[in-house]
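Residue numbers (the numbering used here): 4 to 253.
Data first, discussion second: the structure below is written as structure tokens.
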């Protein structure tokens, strides 16, 4: 899958037509089209020029998750960009512009639009309405995303295997430089892996090194450790309770 299926211009054009009307149905559908527009924008940026492995991971992400990951992986993800092309001596410059909005603002708008897509609570149903002026303001804010040319600076994605679920975890060098840990992107796992940087690379670890009295390593994850939890050695089946100290259960 590539970015081509995400035609954000189509969704913005549909929203523009719907916003000419005042009925509730049109305004609700305009909200939906603008959400589609934002989703298309995010997927377009994430998938553009990504290698096949990252694509196989990214294309499974829901829009909310994709929005969060976009700014985590790419420091330029929510910045306006200008590319200048000129002769060797700097003469005859051609400037190419790309407009953007901050990811925090994009997420806020996305959630606000989503609030119009549900039926109102029974206590609010009688007086429910959609603020058209607010939608028009949102439209004016997001339409900058189709002005200018799309500029994507290729992001070098890498992966490592989660120590808990064995699924690939996606990261970039920019993320590693600016964070101390990373969560597994499998929503049913989310084990936290700490980042250890060293000259020329980094390593990841999610487990507490702890040895059973039989000599086997106990599988204890930092982010899942709870006081009072019972842990069983998979080798000798001895059980331990997590106290301030690891205590064998007799």
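C-beta atoms are modelled at their ideal positions from N, C-alpha and C, and glycine is treated no differently.
If you're wondering where the values come from, they're calculated on a predicted model, not measured in any experiment.
- Here residue 121 is not bridged, per DSSP, to any residue.
- Here residue 171 is bridged, per DSSP, to 164.
- Exclusion of the five residues before and after residue 189 leaves 168 and 170 as the residues of its chain whose Cβ lies within less than 6 angstroms of its Cβ.
- Residue 87 is bridged by DSSP to 98.
- Residue pairing by DSSP places residue 203 in no beta bridge whatsoever.
- CA-CA distance, residue 148 to residue 234, rounds to 51 angstroms.
- Distance from the CA of residue 198 to the CA of residue 210, rounded to the nearest whole angstrom, comes to 12 angstroms.
- Boundaries of the alpha helix (DSSP H) around residue 145: 135 to 145.
- CA-to-CA, the gap between residue 119 and residue 23 works out to about 17 angstroms.
- The region 70 to 81 and the region 94 to 114 touch, with no fewer than 3 CB-CB distances between them shorter than 8 angstroms.
- In the displayed model, residue 241 falls within coil according to three-state DSSP, outside both helix and strand.
- Boundaries of the alpha helix (DSSP H) harbouring residue 71: 66 to 76, taken from the DSSP string.
- With 16 or more other Cβ atoms inside 10 Å of its own Cβ, residue 34 counts as buried.
- Contact annotation: residue 133 and residue 30 have beta-carbon atoms nearer than 8 angstroms.
- Beyond the five residues adjoining it in sequence on each side, residue 131 comes within less than 6 angstroms, by CB distance, of 123 in the same chain, given in chain order.
- Using a C-beta cut-off of 8 angstroms, the region 234 to 246 makes contact with the region 201 to 221, since at least three inter-stretch Cβ pairs fall below that distance.
- Within the model, the alpha-carbon separation for residue 108 versus residue 48 is close to 16 angstroms.
- Beyond the five residues adjoining it in sequence on each side, residue 36 comes within less than 6 angstroms, by CB distance, of 14, 17 and 18 in the same chain, given in chain order.
- A straight line joining the alpha-carbon of residue 99 with that of residue 150 spans about 11 angstroms.
- Judged by their CB atoms, residue 186 and residue 195 are nearer to each other than the 8 angstroms cut-off.
- Between residue 75 and residue 45, the C-beta spacing is not below 8 angstroms.
- For residue 49, there is no enclosing beta strand (DSSP E); the residue is found in the alpha helix (DSSP H) stretching over 27 to 50.
- Look at residue 17 here: in three-state DSSP terms it is helix.
- The beta-carbon separation of residue 177 and residue 77, rounded to 7 angstroms, stays under the 8 angstroms limit for a contact.
- Cβ-Cβ distances below 7 angstroms link residue 113 to 38, 41 and 70 in the same chain, with the five nearest sequence neighbours on each side left out; the list follows chain order.
- Looking at 164, 231, 161 and 145, the one whose alpha-carbon comes closest to that of residue 11 is 145.
- Taking a 10 Å sphere around the C-beta of residue 57, we find 16 or more other C-beta atoms and assign the residue as buried.
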